[in-house]
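Single-structure report; data block below.
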Amino acid sequence: MSSSPVSSPGTAPYYYVPGPSRWPLLAGISMLVTMAGASGWVNSMSWAPAVCLAGIAAMLVVLYFWFGDAIRESEAGLYGKRIDLSYRWSMSWFIFSEVMFFGAFFGALFYARAISMPWLADLDHQILWPDFSAQWGNTGPANIVDGFRTMGPFPIPTINTALLLTSGVTLTIAHHALRAGHRNKTAIWLAATILLGAVFMGFQAYEYIHAYRDLNLKMTSGIYGSTFFMLTGFHGFHVTMGAIMLAVILYRVMKGHFTADNHFGFEGAAWYWHFVDVVWLGLYVVIYWL
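Numbering (UniProt numbering), first residue to last: 1 to 290.
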């Protein structure tokens, strides 16, 4: 790989408007098929898993070709500062929507712990639930949930925290290397970031096995199990998506894409990865410590 950038930034003084595209329509159809399959899947319909997986596969194909068109347009110099600004605003609003997404889940956890649980244990409910104690990680006021143990912060969650924080550092080093025109160094540190993300997901999978096998902690383990797997599971999904994004960026770096001044594809993926880091810090404190 060359240490000097190959492509040059777009200098078009106008706002580039692409021609008619089939990809938005096909993306919408793919999402509709995916959601139809998912809704049937959770209702145990035999046809649903195949439909859901077909929709996901179709969506991946659409994204491959759609992003490919955008990359070719960028490398052809069709994108100027106006397009760059549009992409930055778009990514900012996307991350904001993700903040609201996780905010809703944190809100559900807060409501369960700080409002509903003390309410069930107050004087007005002692006749209904005389043996209920407002302790987080309980089996519910009617004890209809099998007994389980809660997940502590050591060792896996703490190791995962160190992994994600380290990945944020390696990604920042890769960004500085790209801005300095050191393509080989950029690729090395990007690969290190992706590897750290993969190790994180490996530990996350092991933690789930440990929860089911040793702690009897499942998605059906009351509100604690529901919120635990909802928050950590969706975060793991976002880590996976972030690692895929960084893998695409690594491929583009090795292909000679990006320059020191024109690399928003890299920056957008980096913003997303740092967002995932911050969300995990919140999860680490709220889920495992409090």
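Glycine is no exception: its CB is placed at the ideal position from the N, C-alpha and C atoms.
Nothing here was measured: the structure is a model prediction, and the numbers come from that model.
Review point. Would Met219 pass as a contact of Ala108 if the rule is Cβ separation under 9 Å?
Key: Within the sequence shown, residue 219 is the residue found at index 219, counting from 1. Within the sequence shown, residue 108 is the residue found at index 108, counting from 1. No, they are not a contact pair.
Check your understanding: Is Ala243 closer than 9 Å to Gly197 when the C-beta atoms are compared?
Key -> Taking the first residue of the sequence shown as 1, we reach residue 197 at position 197. Taking the first residue of the sequence shown as 1, we reach residue 243 at position 243. Contact: yes.
Review point. With burial defined as no fewer than 16 other Cβ atoms inside 10 Å of the residue's Cβ, what is the status of Ser8: buried or exposed?
Key: What you label residue 8 is simply residue 8 of the sequence shown in a count that begins at 1. Its pLDDT being 47, under 50, Ser8 is placed unreliably by the model, and the measurement read from it follows with that caveat. Its Cβ having fewer than 16 others within 10 Å, Ser8 is exposed.
Check your understanding: Taking the alpha carbon of Val253 as the point to measure from, which residue in Ala269, Ala114 and Val278 has its own alpha carbon closest?
Key -> Taking the sequence shown and counting its residues from 1, one reaches residue 253 at position 253. For Val253, the nearest C-alpha among the options comes from Ala269.
Practice item. Pull up the CB-CB distance for Leu164 and Trp280, whole angstroms please, since I reckon it's below 8 Å. Key: Start at 1 with the first residue of the sequence shown, and residue 164 comes out as number 164. Start at 1 with the first residue of the sequence shown, and residue 280 comes out as number 280. That pair is a contact at about 5 Å.
Review point. How about Thr227 and Ile287: are their beta carbons less than 9 Å apart?
Key: Translated into the one-based positions of the sequence shown, residue 227 becomes position 227. Translated into the one-based positions of the sequence shown, residue 287 becomes position 287. Contact: yes.
Check your understanding: Which of the three DSSP states, helix, strand or coil, is assigned to Tyr16?
Key -> Here residue 16 corresponds to residue number 16 of the sequence shown, with the count starting at 1. Here Tyr16 sits in coil by DSSP.
Check your understanding: Taking Cβ to Cβ, would you say Leu215 is nearer than 9 Å to Phe154?
Key -> In the sequence shown, counting from the first residue as 1, residue 215 sits at position 215. In the sequence shown, counting from the first residue as 1, residue 154 sits at position 154. No; because the gap between Cβ atoms is not below 9 Å, this pair is not in contact.
Point to revise | Backbone CA spacing between Asn160 and Thr193 [nearest angstrom] | key: The residue given as residue 160 occupies position 160 in the sequence shown. The residue given as residue 193 occupies position 193 in the sequence shown. The alpha-carbon atoms of Asn160 and Thr193 are separated by roughly 13 Å.
Check your understanding: Which value, in whole angstroms, describes the spacing of the CA atoms of Arg213 and Gly19?
Key -> Numbered from its first residue, the sequence shown carries residue 213 at position 213. Numbered from its first residue, the sequence shown carries residue 19 at position 19. Distance between the alpha carbons of Arg213 and Gly19: 54 Å.
Review point. How about Met31 and Trp271: are their beta carbons less than 9 Å apart?
Key: Looking up residue 31 in the sequence shown gives position 31. Looking up residue 271 in the sequence shown gives position 271. No, the Cβ-Cβ distance between Met31 and Trp271 is not below 9 Å.
Exercise for review: Taking the CB atoms as reference points, tell me whether Trp89 and Ser21 lie closer together than 9 Å.
Suggested key: In the sequence shown, residue 89 corresponds to position 89, counting from 1. In the sequence shown, residue 21 corresponds to position 21, counting from 1. Cβ distance not < 9 Å, so Trp89 and Ser21 don't count as in contact.
**Study point:** Own chain, CB closer than 7 Å to Leu26, minus 5 neighbours either side, in chain order
**Key:** One-based indexing of the sequence shown puts residue 26 at position 26. Result list for Leu26: Val62, in chain order.
Review point. What three-state label does DSSP hand Asp84 in the structure shown?
Key: Walking along the sequence shown from the start, residue 84 turns up at place 84. Asp84 falls in the helix class under three-state DSSP.
Practice item. Report yes if the C-beta distance between Ala70 and Ile29 is below 9 Å; otherwise report no. Key: In the sequence shown, residue 70 corresponds to position 70, counting from 1. In the sequence shown, residue 29 corresponds to position 29, counting from 1. In this structure, Ile29 does not lie closer than 9 Å to Ala70 by Cβ.
Review point. Is it buried or exposed for Asn43, if we count other Cβ within 10 angstroms and need 16 for buried?
Key: As a first step, residue 43 must be located in the sequence shown, where it is residue number 43. By the neighbour-count rule (16 or more Cβ atoms within 10 Å), Asn43 is not buried but exposed.
Practice item. Tell me whether the beta-carbon of Ser167 lies closer than 9 Å to the beta-carbon of Asp84. Key: The residue labelled residue 167 in the question sits at position 167 within the sequence shown. The residue labelled residue 84 in the question sits at position 84 within the sequence shown. Contact flag unset, no.
Review point. Which residues mark the beginning and the end of the alpha helix (DSSP H) in which Lys185 is found?
Key: Residue mapping note: residue 185 aligns to position 185 of the sequence shown, counting from 1. Run containing Lys185: Arg183 to Asp214, per the alpha helix (DSSP H) assignment.
Review point. Under three-state DSSP, which class holds Phe132?
Key: Numbered from its first residue, the sequence shown carries residue 132 at position 132. Looking at Phe132 - three-state DSSP - the assignment turns out to be coil, as it is neither helix nor strand.
Point to revise | Tyr79, DSSP secondary structure in three states | key: In the sequence shown, residue 79 corresponds to position 79, counting from 1. In the structure shown, Tyr79 sits in coil (DSSP, three-state: anything other than H, G, I, E or B).
Practice item. At 4 residues or longer, and completely inside the stretch 17-47: list those alpha helix (DSSP H) runs for me, N to C. Key: 23-42
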